[in-house]
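Taking it in order: structure first as structure tokens, then the write-up.
2 protein chains.
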Amino acid sequence: MVEFRPSQALKLLHDLSFAMVRDGEPDLSARQLTILLTIYLEPPPHTVRGLAAKLGVTKPVITRALDTMGRIGLLSRRRDDADRRNVVVQRTVKGALFVERLGDMLMAKAKDLPL
Amino acid sequence: MVEFRPSQALKLLHDLSFAMVRDGEPDLSARQLTILLTIYLEPPPHTVRGLAAKLGVTKPVITRALDTMGRIGLLSRRRDDADRRNVVVQRTVKGALFVERLGDMLMAKAKDLPL
DNA sequence: ATAGAACAATACGCCTCCGAAACGAATTCC
DNA sequence: GGAATTCGTTTCGGAGGCGTATTGTTCTAT
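Top to bottom, those sequences are chains A and B.
63 is the number that my numbering gives to position 63 of the first sequence; each next residue is one higher, with no gaps.
1025 is the number that my numbering gives to position 25 of the second sequence; each next residue is one higher, with no gaps.
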């Protein structure tokens, strides 16, 4: 349970996104970030179709986001051997580090918030 | 002062971005979101040059972001009468509501976090 | 075996975005 | 008043994203 005022919450969000921009982190869109966090926070397996259904977007949106984030190493893809129509999204070390850094930055910013 | 564990912070971030995607909010990039929050959280005036310097990006990045977010009504621009080379970014009702909704969503998600 | 369904990827035309460079307008400096 | 500076925008070629529709592959049902 976390106590928050809206202005504090917004400042936290601003500080985080600001730090991401200043530090030259990849300029992810809300969709891309959501996909990334879903993959790293929710239990696998994650498929293109499953992600599309969960986020309420079309499958090409997922495919393209996986293309882009895969290109910069934040995740990878593997064909599902049980059903070779499926593609399973896999976590990578780089992606895990990126998400972890995000969490640490959030923590650090939250600690600086005035009560 | 806010108590946080990294996993909680990440879940909060995920829940927020997830809600934005599901609700069909504009798919803002980290840069765009940072610009928007800077305009609405920090005291005016905000100029193209000032925002570019603060975020560490080039001026065309700011111009384009203002183009896009202005097109959907989240902000507007006005020529500075004192020095007509400058452009002053202005808040809009729609933008203020959008940012306010963001804060409310963050609050609501934070309340649901397990201790 | 073959028709149908399900899956991810691709093609299409259009729009946004990128960094670097050039631009026009406004101001400041001598 | 003329040159230099400052400001925001625009241009350029190239890259990525969009939604819709289609493709190729794989599985399922008959």
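All residues carry an ideal CB built from backbone N, CA and C; glycine is no exception.
Item                                                                                                                    : Value
Separation of P1044(B) from P1038(B), as counted between CA atoms                                                       : Before going further, note that residue 1038(B) is Thr rather than Pro in the sequence given. Each residue's Cα considered, the two are about 9 Å apart.
Pairwise C-alpha distance: L55(A) and E25(A)                                                                            : 23 Å
Same chain, Cβ closer than 8 Å to L106(A), five either side skipped, listed in chain order                              : L12, L16
Residues of its chain near R91(A), where Cβ-Cβ distance is below 7 Å and the 5 sequence neighbours each way are ignored : I39, Y40, L75
Interface flag, A1009(B) vs chain A, CB-CB below 8 Å                                                                    : yes
The region 28 to 37 of chain A in contact with the region 59 to 66 of chain A per 3-pair CB rule at 8 Å                 : yes
Euclidean distance between Cα positions of G1050(B) and L1097(B)                                                        : 24 Å
M1(A) in three-state terms, based on DSSP                                                                               : Annotation note: pLDDT 46 at M1(A) (below 50); position unreliable, coordinate value reported separately. Note: M1(A) maps to coil in three-state DSSP.
Assigned exposure category for G1103(B) - 16 Cβ within 10 Å defines buried                                              : buried
Cβ distance (whole Å) where G95(A) is taken to contact L36(A) below 8 Å                                                 : 7 Å
Which listed residue (V1048(B), D1023(B), A1009(B), V1057(B)) has its alpha carbon closest to that of V21(A)            : V1057(B)
7 Å Cβ shell around M1(A) - same chain, five flanking residues per side excluded                                        : Only weak support is given to the placement of M1(A): the predicted model assigns it a pLDDT of 46, under 50, and the value that follows is read from those uncertain coordinates. Answer for M1(A): no residue qualifies.
Contact with chain A by A1096(B), beta-carbon distance below 8 Å                                                        : no
Residues bridged to S17(A) (per DSSP)                                                                                   : DSSP, once it has assigned bridges, lists no residue as partnering S17(A).
Proximal residues of chain A, C-beta to C-beta of M1020(B) below 7 Å                                                    : A30
8 Å Cβ cutoff met for F1004(B) and A110(A)                                                                              : yes
Buried/exposed call for L10(A), threshold 16 Cβ in 10 Å                                                                 : buried
Beta carbon proximity, L1106(B) to chain A, threshold 8 Å                                                               : yes
Alpha-carbon to alpha-carbon, R101(A) and D23(A)                                                                        : 12 Å
Own chain, CB closer than 8 Å to P114(A), minus 5 neighbours either side, in chain order                                : Q8
Distance CB(V1087(B))-CB(D1080(B)) smaller than 8 Å                                                                     : yes
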